[in-house]
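A quick write-up on the structure given underneath.
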Amino acid sequence: MSSLFKQEFAQLFSYTKYSLEKAICAQVINLINVLVANYMDCFVMVISIGLSTGFKKINNQLVAYKGKVVSEEFWQKHRSAYRRMCDLCETVDNHISHITLVSFSNNLFYICVQLLNSLNTKDSITQMFYFWFSLIFLLVRTLGISLYAAEINEEAKVPIQIFRVVPRESWCLEVKRFYEEVTNDTIALSGMKFFYLTRRLVLSVAGTIVTYELVLLQFNQDEEIKNTDRCRPIEMA
Numbered sequence: 001m002s003s004l005f006k007q008e009f010a011q012l013f014s015y016t017k018y019s020l021e022k023a024i025c026a027q028v029i030n031l032i033n034v035l036v037a038n039y040m041d042c043f044v045m046v047i048s049i050g051l052s053t054g055f056k057k058i059n060n061q062l063v064a065y066k067g068k069v070v071s072e073e074f075w076q077k078h079r080s081a082y083r084r085m086c087d088l089c090e091t092v093d094n095h096i097s098h099i100t101l102v103s104f105s106n107n108l109f110y111i112c113v114q115l116l117n118s119l120n121t122k123d124s125i126t127q128m129f130y131f132w133f134s135l136i137f138l139l140v141r142t143l144g145i146s147l148y149a150a151e152i153n154e155e156a157k158v159p160i161q162i163f164r165v166v167p168r169e170s171w172c173l174e175v176k177r178f179y180e181e182v183t184n185d186t187i188a189l190s191g192m193k194f195f196y197l198t199r200r201l202v203l204s205v206a207g208t209i210v211t212y213e214l215v216l217l218q219f220n221q222d223e224e225i226k227n228t229d230r231c232r233p234i235e236m237a
């Protein structure tokens, strides 16, 4: 039991003397950290689903009249509804953007840690199973929260497709205002305005993770070559 705790919390027991009380306390803190991290991710995903559903309802109403001649009051009504959803999204983002930032940063940090651990040799099948399970779980969780949050931005841009087929008879000032709002505003959750959760960000993060892993593999190969050169026997003349 003590060896397990010493290995699990090496950062603690490398500098302090081992005791069962410290080990239990560290385990409880670790459990709380895991629960909080999962709760934050679920919270952001649920909020994202709610906001994207609101935009989707407006889009469904617009799609029903796609390409048809409608009155100016129709566009005014749906532009007002769209504007209210944008204001709601901005209000929600102002209140939870710090949670989004911590959640996203936490996931990326642990993904990088697991990728770094991938260079270590696994002594047993259990360690191998745990490593791959935790890495896949982190990747799926991060991908899930990213796609759910990015869906807000995707749904907010759907009206652009409808504006392209508006008949000339229906084109009016309300349609122009509606079009400018959709194209000029960035409607998405953010990490305290440092970044916006869109699908483009998901691709950028995925590319960064792949680059990080390639750099780690290159450093690991260079280190193995150096160790091999040090162990090479000296040839006698």
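So for the sequence shown, my numbering puts the first residue at 1; every next one is plus one. Each residue gets a CB set at the ideal place from its N, CA and C atoms; glycine is no exception. Predicted model only: the values in this text are computed from it and were never measured.
Quiz item: Do you know offhand how far S105's Cα is from T211's?
Solution: About 17 Å.
Quiz item: Comparing alpha-carbon positions, which option in T183, V182, K176, L143 lies nearest V202?
Solution: L143
Practice problem: Assign Y179 to one of two classes, buried (16 or more other C-beta atoms within 10 Å of its C-beta) or exposed (fewer than that). | Solution: Under this definition Y179 is a buried residue.
Practice problem: State the DSSP-derived secondary structure class of S190, mapped to helix, strand or coil. | Solution: strand
Exercise. For A81, collect the residues of the same chain with a Cβ closer than 6 Å to its Cβ; drop the 5 residues on either side in sequence, then sort them by chain order.
Key: I58
Exercise. Using alpha carbons as the reference points, say which of L139, A149, S97 lies closest to Q114.
Key: For Q114, the closest of L139, A149, S97 by C-alpha to C-alpha distance is L139.
Quiz item: What's the C-alpha gap between A188 and G67?
Solution: 27 Å
Practice problem: Inspect the beta-carbon positions of S52 and E181 and report whether they are closer than 8 Å. | Solution: no
Practice problem: Evaluate L136 with the Cβ neighbour count: other Cβ atoms within 10 Å of its Cβ, from every protein chain shown; 16 or more gives buried, anything less gives exposed. | Solution: Reading off the sequence shown, one finds Ile at residue 136, where the question assumed Leu. Label assigned to I136: exposed.
Practice problem: Starting from the Cα of D93, find the closest Cα among G207, F194, F74 and give me that residue. | Solution: F194
Quiz prompt | Local Cβ density within 10 Å of M236, reported as buried at 16 or more and exposed below that | solution = The predicted position of M236 is uncertain, since its pLDDT is 46 and thus under 50; no value can be drawn from it.
Quiz prompt | Rounded distance between the beta-carbons of I145 and D41, thought under 8 Å | solution = Right, their Cβ atoms sit about 5 Å apart.
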